[in-house]
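A.B. asks: Numbering (our numbering), first residue to last: 2 to 145.
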Amino acid sequence: MPVVRMRQSMLRLPEPEVSELSATLKVLSDKNRLRIMALLMRGELCVCEIFTALELPQNLISHHLAVLRQEGLLNDRHDPHDARVIYYSVDPQVVNELRAKLLSFLDLSQLDPSPAQCVYGETDEKQPSSGGTHKKGEVTTHDL
């Protein structure tokens with residue numbers, strides 16, 4: 002098998018970081034959680050302020066806040082005068098780390114502008130196949 006020299010831009014994030022970033026982005030992929038984060042990026046709010054601003058049921062907001070908190074994106078604190086009131090805020094350190102990872106991952110200065118070359122076209126090695134289940138030149142979703 003030919004030795005494939007990977008471009009440096011393809012080796013930036015080690016697998017644990019990719020998995021961690023993927024999990025965080027999955028949490029943030031919910032539009033309501035993203036809306037909550039957008040509100041909290043402006044400052045600390047209590048649950049009642051969040052569900053009023055977003056016009057969503059309190060139990061749904063509480064669920065999304067719990068998911069965001071479990072992911073480590075949020076801090077919470079109880080009101081010293083009324084323990085039933087909980088205030089939420091973004092964890093600045095975690096948000097800064099997430100921002101740095103995203104900027105590193107999406108850093109266009111790392112983009113290699115040179116055209117890619119298929120290593121299979123330059124060797125005597127057999128090209129990967131789909132198992133011979135379709136005609137030559139035919140592309141299937143298995144090939145993509």
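The beta carbon of each residue, even a glycine, is placed where N, CA and C say it ideally should be.
Using a Cβ-Cβ cut-off of 6 Å (strictly less than) and excluding sequence neighbours within five positions of G73, which residues of its own chain qualify?
C.D. replies: V95
A.B. asks: Mapping DSSP to helix, strand and coil, what is L75?
C.D. replies: strand
A.B. asks: In its own chain, which residues sit with a C-beta less than 6 Å from the C-beta of K102, not counting the 5 before and 5 after it?
C.D. replies: L22
A.B. asks: Assuming L109 and L75 are in contact, meaning their beta carbons sit under 8 Å apart, how far apart are those beta carbons, in whole angstroms?
C.D. replies: About 30 Å separates the two Cβ atoms, so there is no contact after all.
A.B. asks: Counting only runs that start and end within the segment 36-115, where is the alpha helix (DSSP H) found for 4 or more residues in a row?
C.D. replies: 48-55, 59-71, 93-106
A.B. asks: Pick out whichever of C119, P114, E98, Q118 has its Cα sitting closest to the Cα of T25.
C.D. replies: The shortest C-alpha to C-alpha distance from T25 to any of C119, P114, E98, Q118 is the one to E98.
A.B. asks: Give me the Cα-Cα distance between Y88 and L57, rounded to the nearest whole angstrom.
C.D. replies: 17 Å
A.B. asks: Please classify S30: does DSSP put it in a helix, a strand, or coil?
C.D. replies: DSSP places S30 in coil when its eight states are reduced to three.
A.B. asks: Buried or exposed: where does F91 fall if 16 or more other Cβ atoms within 10 Å of its Cβ makes it buried?
C.D. replies: Rather than Phe, the amino acid found at residue 91 in this sequence is Val. Per the 10 Å Cβ criterion, buried.
A.B. asks: Please state if the CB of D77 and the CB of R70 are separated by a distance shorter than 8 Å.
C.D. replies: yes
A.B. asks: By the three-class DSSP mapping on this structure, what secondary structure does P17 have?
C.D. replies: helix
A.B. asks: Could you check how far apart the C-beta atoms of V68 and V120 are, in whole angstroms? I think they sit under 8 Å.
C.D. replies: Not confirmed; about 43 Å, so no contact.
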